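Residue numbers (our numbering): 15 to 119.
A virtual CB, placed ideally from N, CA and C, is assigned to each residue, including glycine.
These numbers come from a predicted model, not from an experiment.
Notes follow the structure.
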Amino acid sequence: MLDENFPVDFVKLLVGPEVTTLHVHNLGWSGIKNGDLLRRASSVCEVFMTLDRNLEFQQNTKELPFGVVVLCARSNRISDLTPHIGSLLEAANRVAPGQVERIRG
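Below, the structure written as structure tokens:
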């Protein structure tokens, strides 16, 4: 699942075998604060991807039933995110529930 800080159209680019990508906006969850958002995400995702570098310091991610991938990109423009698609998919395959993995951009 992509956090709302990713462009909605990025969903179309983040594809791989056995990958179904959801976006917070498409679920009608835009504007929901992180704590409530993560609780809701627990019912629909295995990996939560965000550009929010502070998420792991603001929320207790160790108790989450899914992994979190934080992309430390230059911006949230698709042109800055696209080079990291491979790294995002690899991280999604390896991150364990309750674990946070950072991808340096």
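**Message:** Using a 10 Å radius around the Cβ and a threshold of 16 neighbouring Cβ atoms, would you call residue 61 buried or exposed?
**Reply:** Residue 61 counts as buried, since no fewer than 16 other beta carbons sit within 10 angstroms of its beta carbon.
**Message:** What residue range does the beta strand (DSSP E) around residue 85 cover?
**Reply:** Counting along the chain, the beta strand (DSSP E) containing residue 85 begins and ends at 81-86.
**Item:** residue 117 versus residue 57: straight-line alpha-carbon distance, rounded
**Value:** Distance between the alpha carbons of residue 117 and residue 57: 25 angstroms.
**Prompt:** Between which two residues does the beta strand (DSSP E) carrying residue 116 extend?
**Reply:** Residue 116 -> beta strand (DSSP E) spans 114-118.
**Asked** Taking the continuous alpha helix (DSSP H) assigned at residue 71, which residues delimit it?
**Response** Residue 71: member of the alpha helix (DSSP H) spanning 69-72, first to last residue.
**Prompt:** What residue from 103, 112, 22 has the CA that sits closest to residue 43's CA?
**Reply:** When the alpha-carbon of residue 43 is set against those of 103, 112, 22, the nearest one is in 22.
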